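Enquirer:
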Amino acid sequence: MPNHLWAALFARHEGSDAPFLHLPDGTTWTHGAYVARAARLAAVLTGKGVAPGDRVAVQVAKSPDALVLYAACVRAGIVFLPLNTGYTPSELDYFVSDADAALLVCDPETLDALRPVAEGADAGIATLDALVAEAEGAEVAPVTERRADDLAAILYTSGTTGRSKGAMLTHANLASNAEALSDAWRFTAEDTLIHALPIFHTHGLFVATNVTLMAGGALILQPKFDPEAILAAMPRATVLMGVPTFYTRLLDQPDLTRDATRGMRLFVSGSAPLLAETHRQFESRTGHRILERYGMTETNMNASNPYEGERRPGTVGPALPGVEIRVADAEGRPVSAGEVGTVEVRGPNVFCGYWRMPDKTAEEMRPDGFFITGDLGTLSEDGYLAIVGRAKDLVISGGYNIYPKEIEMLLDEIPGILESAVIGVPHPDMGEGLVGVLVPEPGATIDSDAVMRALDGRIARFKQPRQLETVEELPRNTMGKVQKDVLRGRFENAFKTD
Ligand code: MLC
Ligand code: AMP
């Protein structure tokens, strides 16, 4: 096989007249046109000296060209490194240099701000627009040979130590998961998926896009989540994928009815826990039972409620075919059904390690190949997994992962702050919202506005606490560890609306 992922997702669409991308301006790109553009863009990348195995870091707005760039990297054997558009230049600095990227691709609006980032990392820089313009007159690049275990992408995930880790995903990781999901969810060329997720994370890029490519279906590409646009697209669509906030916001729309969703065959939720209550409300309004699945950057998707069979609210279903899941104790020994333990997974979907961090990889990988997810769960007698908590200090807000440590380190540097703890508490819209709990230095008073100004520009907006609280001291256990559960209890109503 010349190029594992190209063969699995793209090669078969060469010359195809079937629709792939329905765009907001009313135009449609066929699969064939999409693949042909990728083949020319691959030549432009190669012409710039980007070699197979090199990393291309990408921070661009959602667009069809951004999806072309992804396919072009696969074709040229380049490692695709997508970055959240909310990240600030100082956050990008770390990713681009840590990944030792050969090229940083950005938008015209950010070119000036990111030029020093690229220079500092000894990387080239180009706007996507310029690359695409160049590709118009370019030759078609040959398909670069890539084996199943070659890298296709690196996706950075934050860590509990505050330093982001680059999860290395191989061609086989992505291809095997796209195949498993497309089978499990009965995707066909007749499907049209409403795509309103960002394309720099696993959910929007690999789950929604790869599954549709695998089946030869189409995407209605929407720039961002807008409940009205989703309802307007439903008569032309069959599938929606989203984070739980999509579903709670859709439920706020009076127009969400059985009639509006009549042509849809599947609603998938993931990236954060879907409340059983949301599941029930959605069913009573539309007659559809949301299908909840579970995954993470390092593993792609691990478990899914069944397409046919019982979709059990509050669970993420059984392991996907080919994937093994165990709920284990601290030594990796499986616990009994119904008992809480750490979720561990093994299979062709599991990444091959953290970029240039063999120690971190070893910490999270058992000798028998199981990856320790850091999620807490239970397995029922009949194999349904329920995620009941997290062993890692992680907050998930609107489907975005936020590691408190990263924010605490910045807060602690601010004059007047002695120490801080960042926690996630229930938020009606985002699932969890961030609260920063601050201890002032003796004699100091904390000016919340000044604290927020100090964070601005240093970390993405979605990582900035929505509320700041001042306390005299942080609760600690006998080992001196901050008791975040105590703080979560104390501030649990921070975002309560009624
Ligand atoms: C936006 N904001 C958020 C936020 N999203 N704050 C906290 N958490 C979030 N998730 C902030 C913005 O910074 C801005 O702040 C304000 O909210 C309005 O911005 P917006 O762009 O208008 O927000 P909105 O469109 O309402 O976005 C909400 C959302 C979006 C839920 C639609 O966050 C989203 O699309 N989330 C999906 C994330 C995702 O794809 N996750 C998958 C990860 S993969 P201000 O102050 O500047 O006004 C993964 C693996 C797996 O987890 O299993 O799938
Ligand atoms: P990320 O690192 O951004 O890929 O996020 C992965 C994390 O999201 C997982 O480790 C879980 O904590 C969480 N997650 C994903 N899907 C679900 C789900 N259906 N229910 C609960 N948590 C989920």
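Residue numbering for the sequence shown is 3 to 500, as defined by this note's numbering.
Positions of the beta carbon are idealized from the N, C-alpha and C atoms, including for glycine.
Quantities reported herein were computed from a predicted structural model and do not represent experimental measurements.
1. Can T163 be considered in contact with ligand 4, in the sense that its beta carbon sits closer than 7 Å to one or more heavy atoms?
2. For L440, decide whether its Cβ has a neighbour in chain B, counting only Cβ atoms nearer than 8 Å.
3. Starting from the Cα of H290, find the closest Cα among A330, L215 and V241 and give me that residue.
4. Determine the burial state of E346: buried for a count of at least 16 other Cβ atoms within 10 Å of its Cβ, exposed for fewer.
5. On a Cα-Cα basis, can you pick out the residue from Q283, P246, A388 and L396 that is closest to S306?
6. Given a cut-off of 8 Å on the beta-carbon distance, is the pair V453 and I416 in contact?
7. Should P200 be listed as close to ligand 1, given that the test is whether its C-beta is under 7 Å from any heavy atom?
8. Tell me the DSSP secondary structure of T90 in three-state form.
9. Alpha carbon to alpha carbon, how far is G459 from L7? Give it in angstroms, no decimals.
10. Please report the distance separating the alpha-carbon of G438 from that of R490.
11. Looking only at C-alpha atoms, which of A115, G28 and M243 sits nearest to F501?
12. Can you tell which of V37, L25, L11 and A9 has its C-alpha closest to the C-alpha of D19?
13. Helix, strand or coil for G289 per DSSP?
14. Can you tell which of L215, G206 and N302 has its C-alpha closest to the C-alpha of G191?
15. Can you grab the Cα-Cα spacing for the pair A2 / V441, in whole Å?
16. So G272 packs on R295, CB below 8 Å; how close in whole Å?
17. Are K465 and I419 close, meaning C-beta to C-beta below 8 Å?
18. Is E475 helix, strand or coil when you go by DSSP?
19. Please classify L183: does DSSP put it in a helix, a strand, or coil?
20. Would you check if there are 3 or more beta carbon pairs closer than 8 Å linking the stretch 139 to 156 to the stretch 111 to 126?
21. In angstroms with no decimal places, state the Cα-to-Cα distance between T90 and E383.
22. With DSSP as the reference, label A262 as helix, strand or coil.
23. Could you spell out where the alpha helix (DSSP H) holding M454 opens and where it closes?
24. Identify whether V155 lies in helix, strand or coil by the three-state DSSP scheme.
25. Determine the closest residue to P275 out of G319, G55 and R149, with distance taken between C-alpha atoms.
26. Nearer than 7 Å: is that true of the beta carbon of H205 relative to any heavy atom of ligand 1?
27. For the beta strand (DSSP E) containing D377, list its first residue and its last residue.
28. Does the Cβ of Y158 lie closer than 7 Å to at least one heavy atom of ligand 1?
29. Should T299 be listed as close to ligand 1, given that the test is whether its C-beta is under 7 Å from any heavy atom?
30. In the DSSP output, which residue or residues are listed as bridge partners for P428?
31. Does the distance between the C-beta of V318 and the nearest non-hydrogen atom of ligand 2 fall short of 7 Å?
32. For T48, verify whether its CB is less than 7 Å away from any heavy atom of ligand 1.
33. Could you tell me which of T288, N302 and P246 sits nearest to A278, measuring between CA atoms?
34. In this structure, how does DSSP classify C75 when only helix, strand and coil are distinguished?
35. DSSP three-state label for S399, please.
36. From the DSSP secondary-structure annotation, give me the bridge partner or partners of Q469.
Expert: Once the coordinates are examined:
1. Ligand 4 is absent from the structure shown, which contains only ligand 1 and ligand 2.
2. No chain B is present in this structure, which holds just one protein chain.
3. V241
4. buried
5. A388
6. yes
7. yes
8. coil
9. 37 Å
10. 11 Å
11. Lying before the first or after the last residue shown, residue 501 is absent from the chain, which here runs from 3 to 500.
12. V37
13. coil
14. Before going further, note that residue 191 is Ala rather than Gly in the sequence given. A191 has its Cα closest to that of L215, out of L215, G206 and N302.
15. Look at the range of the chain in this structure, 3 to 500, and you will see that residue 2 is not part of it.
16. 5 Å
17. no
18. coil
19. helix
20. no
21. 46 Å
22. coil
23. S450 to L457
24. The question names Val, yet the displayed sequence has Ala at residue 155. A155 falls in the strand class under three-state DSSP.
25. G319
26. yes
27. F373 to L381
28. no
29. yes
30. E434
31. yes
32. no
33. P246
34. helix
35. strand
36. V437
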